[in-house]
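One structure below.
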Amino acid sequence: MGAQWSKQVERRKLIAAEKKTLRELEESSGCNFPGCDYHPPDRKNWISGLNPEKTHLNQIVWPGTHDSATNKIGIKMVSRPFAQCQSCSIYRQLVIGTRLLDIRVNENRKVCHGILSTYSIDVVINDVKKFISETESEIIILEIRTEFGQNDPPEFEKYLEQQLGEYLIHQDDQVFQKSVAEILPKRIICIWKPQKSDPPKPGSPFWSSGYLKDNWIDTDLPATKFESNLNYLSKQQTVSSRKYFYRVENTVTPQADNPVLCVKPVTKRIHGYARVFITQCYSRSIADRLQVFSTDFIDEDFVDACVGLTYARVEGKA
582 MGAQWSKQVE
592 RRKLIAAEKK
602 TLRELEESSG
612 CNFPGCDYHP
622 PDRKNWISGL
632 NPEKTHLNQI
642 VWPGTHDSAT
652 NKIGIKMVSR
662 PFAQCQSCSI
672 YRQLVIGTRL
682 LDIRVNENRK
692 VCHGILSTYS
702 IDVVINDVKK
712 FISETESEII
722 ILEIRTEFGQ
732 NDPPEFEKYL
742 EQQLGEYLIH
752 QDDQVFQKSV
762 AEILPKRIIC
772 IWKPQKSDPP
782 KPGSPFWSSG
792 YLKDNWIDTD
802 LPATKFESNL
812 NYLSKQQTVS
822 SRKYFYRVEN
832 TVTPQADNPV
842 LCVKPVTKRI
852 HGYARVFITQ
862 CYSRSIADRL
872 QVFSTDFIDE
882 DFVDACVGLT
892 YARVEGKA
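Below you can see the structure in the form of structure tokens.
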């Protein structure tokens, strides 16, 4: 018992030291990058507001959500705090500016996070379609994967095509160089990642897993994750030269050997440092690699940071 207690004390000291590291980095470097002062007048239509003729897909910094459809997962006040990564519905996330959704499903077409499941994928699809019906130029990256340890839902590609076919942007490397206006009226890049089924083929209505890459490290240490994100990002090609999306996740994850297992207090350790991260990308000359930036519990300021950098790129200021 004594050894375990001593281990936890040291663990808390380490977390406190890492939180201090990020605070000091924020104080020394500030949150200053091209477009940092820009705030979209209408977050629901922020891509439209940047001019679809001028805005190319590879210029966009896509605000994303991690475990997007977990707002009602599990049992409230019982299991939900251990799996909930977003508090807003999919529709609300899109309205405040989210443009990449991370959806995990099981064989019953239920959204899940680990062993916990929530509503049907139909809820997600209906929210996406509602948002699309209310906007004209907003492009969405919809990542759907079979959750680890789960089986692929039967005939899932057929289902998705029936639901979203008219909006789907087919898998095509040339899309990255195109303007939003050249892609419209198609609106959704749907990346489908099955566990065992064959991946989508070139030219398919769906995009395979190789088109959305990341380097996830499973840690609850905020400075460790922050530096890891910068390190892996520095190894990527620039957004103008690559033919895939690369995601950085501004998140940390509860660990089983730590007494704090609820998502919100853990991920809060890094949540507020999105603007510091972008600033560091500039100071380290790797901002031209940043493309998809995701978070837990997305908010308007996170969206504005991504949109501001996008605006600067489109206007030739970054």
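Here the numbering used here is used: the sequence shown runs in plain steps of one and ends on residue 899.
Note that beta-carbon positions come from the ideal geometry of N, C-alpha and C, so glycine has one too.
Item to check | 3 or more residues per run - each beta strand (DSSP E) lying fully within the stretch 766–825 | outcome: Inside the stretch 766–825, DSSP marks whole beta strand (DSSP E) runs of 3 or more residues at positions 769–774, 793–795, from first to last along the chain.
Next on the checklist: Taking only three categories from DSSP, how would you classify K657?
Outcome noted: coil
Checklist entry - For S760, which three-state DSSP category applies? => result Strand.
Checklist entry - Once you ignore the five residues that flank N796 on each side, which residues in its own chain have a CB closer than 7 Å to its CB? => result Within its own chain, the residues whose Cβ lies closer than 7 Å to the Cβ of N796, once the five positions on either side in sequence are excluded, are Y813, listed in chain order.
Checklist entry - Closest to Q640 by CA distance: which of F757, A598, G616, V857 is it? => result F757
Checklist entry - When burial is assigned at 16 or more other CB atoms within 10 Å of the CB, is G791 buried or exposed? => result exposed
Item to check | Nearest candidate by alpha-carbon position, reference S718, set R690, P735, S760, C693 | outcome: Answer by Cα proximity: S760.
Checklist entry - Just reading off the alpha helix (DSSP H) that F874 is part of, what are its end residues? => result No alpha helix (DSSP H) contains F874, which is instead part of the beta strand (DSSP E) from 873–876.
Next on the checklist: If I follow the unbroken beta strand (DSSP E) through S670, where does it start and stop?
Outcome noted: Run containing S670: none; DSSP gives neither H nor E here.
Checklist entry - With a Cβ-Cβ cutoff of 8 Å, do A664 and T651 count as a contact? => result yes
Checklist entry - Are the CB atoms of S649 and I671 nearer to each other than 8 Å? => result yes
Item to check | C-alpha gap between I680 and C887, whole angstroms | outcome: This sequence places Arg at residue 680; Ile is not what is there. One C-alpha to the other measures close to 10 Å.
Checklist entry - Which whole-angstrom value describes the C-beta separation of Q547 and S610, a residue pair presumed to lie in contact below a C-beta threshold of 8 Å? => result This structure cannot speak to residue 547, because the chain is shown only from 582 to 899.
Item to check | Contact belief for V686 with T727 at Cβ below 8 Å, rounded distance in angstroms | outcome: Between T727 and V686 the Cβ distance is about 6 Å, and since that is below 8 Å, they are a contact.
Item to check | Inter-stretch contact at 8 Å, needing at least 3 Cβ pairs: the stretch 864–875 / the stretch 838–851 | outcome: no
Checklist entry - Using the beta-carbon count (16 or more within 10 Å), is V709 buried or exposed? => result Looking at its Cβ environment, which holds 16 or more other Cβ atoms inside 10 Å, V709 is buried.
Checklist entry - Among V642, R593, N613, I677, which has the Cα closest to the Cα of D623? => result I677
Checklist entry - What do you get for L842, buried or exposed, if any count of 16 or more other CB atoms within 10 angstroms of its CB means buried? => result exposed
Item to check | Given Y825 as reference, the closest of S815, Q755, Q776, L675 once Cα atoms are compared | outcome: Q755
Next on the checklist: For Y827, list the residues DSSP reports as bridge partners.
Outcome noted: K794
Next on the checklist: Report the start-end ranges of each beta strand (DSSP E) in the stretch 847–891 that is 3 residues or longer and not cut off at the edges.
Outcome noted: 873–876
Checklist entry - By Cβ distance, which residues of its chain are closer than 8 Å to S815, with the 5 residues on each side in sequence left out? => result R865, I867, R870
Checklist entry - Considering only C-alpha positions, which residue in the set P734, E724, K845, L675 is nearest to S714? => result L675
Item to check | The beta strand (DSSP E) enclosing L723, as first and last residue numbers | outcome: 721–727
Next on the checklist: I'd like to check one pair, I720 with I628: are the Cβ atoms closer than 8 Å?
Outcome noted: Yes.
Checklist entry - Between the Cα of H620 and the Cα atoms of R894, G889, A893, K898, which residue gives the shortest distance? => result G889
Item to check | Assigned exposure category for A598 - 16 Cβ within 10 Å defines buried | outcome: exposed
Next on the checklist: Let me see if you follow: with CB-CB separation under 8 Å, is F737 close to chain B or not?
Outcome noted: The displayed structure is made up of one protein chain only, and chain B is not part of it.
Checklist entry - Expressed to the nearest angstrom, what Euclidean distance is found between the alpha-carbon atoms of I770 and H694? => result 22 Å
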